[in-house]
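Undergrad: Those protein sequence lines, which keep their order, are chains F and S. Throughout, the numbering used here is defined as the position within the first sequence, counted from one, plus 89. Throughout, the numbering used here is defined as the position within the second sequence, counted from one, plus 65. All C-beta atoms, glycine included, are put in the ideal place defined by N, C-alpha and C.
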Amino acid sequence: EAQVTQNPRYLITVTGKKLTVTCSQNMNHEYMSWYRQDPGLGLRQIYYSMNVEVTDKGDVPEGYKVSRKEKRNFPLILESPSPNQTSLYFCASSLWGLAGVNEQFFGPGTRLTVL
Amino acid sequence: QKEVEQNSGPLSVPEGAIASLNCTYSDRVSQSFFWYRQYSGKSPELIMSIYSNGDKEDGRFTAQLNKASQYVSLLIRDSQPSDSATYLCAVKPGVSNFGNEKLTFGTGTRLTIIP
Chain F
90 EAQVTQNPRY LITVTGKKLT VTCSQNMNHE YMSWYRQDPG LGLRQIYYSM NVEVTDKGDV
150 PEGYKVSRKE KRNFPLILES PSPNQTSLYF CASSLWGLAG VNEQFFGPGT RLTVL
Chain S
66 QKEVEQNSGP LSVPEGAIAS LNCTYSDRVS QSFFWYRQYS GKSPELIMSI YSNGDKEDGR
126 FTAQLNKASQ YVSLLIRDSQ PSDSATYLCA VKPGVSNFGN EKLTFGTGTR LTIIP
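1. At a Cβ cut of 8 Å, what residues of the region 92-104 of chain F count as close to chain S, listed as they run along the chain?
2. Beta carbon of residue 196 of chain F, beta carbon of residue 108 of chain S: below 8 Å?
3. Against chain S, does residue 142 of chain F count as a neighbour if the rule is that its beta carbon must be under 8 Å from one of theirs?
4. Under 8 Å Cβ to Cβ from residue 142 of chain F, same chain only, skipping five residues before and after it: list those, please.
5. Measure the CB-CB distance between residue 173 of chain S and residue 152 of chain S and report whether it falls below 8 Å.
6. The region 133-161 of chain F: which residues have C-beta closer than 8 Å to a C-beta of chain S, in chain order?
7. Going along chain S, which residues have a C-beta under 7 Å from residue 192 of chain F?
8. So, are the CB atoms of residue 76 of chain S and residue 98 of chain S less than 8 Å apart?
9. Just grab the DSSP bridge partners of residue 79 of chain S for me.
10. How would you list, in chain order, the residues of chain S whose beta-carbon sits under 7 Å from the beta-carbon of residue 197 of chain F?
11. Closest by CA to residue 169 of chain S, which one among F:91, F:182, F:113 and F:135?
12. Applying a beta-carbon distance threshold of less than 9 Å, which residues of chain S neighbour residue 178 of chain F?
13. Under a Cβ-count criterion, where at least 16 other Cβ atoms within 10 Å of its own Cβ denotes burial, should residue 199 of chain F be classed as buried or exposed?
14. For residue 160 of chain F, collect the residues of the same chain with a Cβ closer than 6 Å to its Cβ; drop the 5 residues on either side in sequence, then sort them by chain order.
15. Give me whichever residues DSSP pairs with residue 247 of chain S in a beta bridge.
16. Answer with buried or exposed for residue 92 of chain F, where buried requires no fewer than 16 other C-beta atoms within 10 angstroms of its C-beta.
17. Give the DSSP-derived three-state secondary structure of residue 147 of chain S in the structure shown.
18. To which residues of the same chain is residue 123 of chain F closer than 6 Å at the C-beta, ignoring the five residues directly before and after it?
19. So, does the CB of residue 172 of chain S fall closer than 8 Å to a CB anywhere in chain A?
20. Could you spell out where the beta strand (DSSP E) holding residue 146 of chain F opens and where it closes?
21. Which of the residues in the region 162-173 of chain F, read from start to end, lie with their CB under 8 Å from any CB of chain S?
22. Excluding the 5 residues flanking residue 183 of chain F on each side, which residues of the same chain have their C-beta closer than 7 Å to its C-beta?
23. Taking C-alpha atoms, which residue in S:82, S:87, S:81 and S:79 lies nearest to residue 136 of chain S?
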């Protein structure tokens, strides 16, 4: 089954404790992306990657890191989480062609609470 | 001005009527436009994509793009209670080229279909 998986689905942590949210896709997609979703602010792109070892900032990259060492995986790293990073996080993937990014397939989401 | 704007709603439409959702964007050279549907507590899923001026129909859904006026709309004919969800407009600003693949979402319009 074609899918994007995220782990963990729920996480409660404390300020300053490094964490990683994993994302994996089995569709051989070039493009992968991380979003956060907050009430009233909608989906905002954090980082995206157009292929292995190619990443770029989205609209809200501060406080986040990513890496793309394998095509299927795109982990999101919070080196020192703060309460303002409490949010619902989505990973997404898509094919990337001449017209650019295509339909994105979203993971189930990770609800993060930073105390 | 926000890059992508949507009326947050809620928009209430009687069952069987036409629901009209609108989205405006600020980047004149935007090339790719997407409508996603998000049920409460779920991930976004693609409804329609549109790249050229005019209408694009898929079943009960019609996407309309007017680049001169910088708006894209989604019409849902014969609305069903199962169409009740938040609809997200997404725009890929700029011309597709390596290193410019950000995707910007509007805050979404909450649609309620009244039986």
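TA: In this structure, then:
1. none
2. yes
3. no
4. 157 and 158
5. yes
6. 133, 134, 137, 139, 145, 147 and 148
7. 111 and 114
8. no
9. S:179
10. 108
11. F:135
12. What residue 178 of chain F touches in chain S: nothing, since even the nearest Cβ is about 11 Å away.
13. buried
14. 141
15. No statement about residue 247 of chain S is possible, as the shown extent of chain S runs from 66 to 180 and does not include it.
16. exposed
17. helix
18. 135, 136, 165 and 180
19. Judged by its chain identifiers, the structure shown contains no chain A, and its protein chains are F and S.
20. 143-146
21. none
22. 118, 120, 190, 191, 192, 193 and 194
23. S:87
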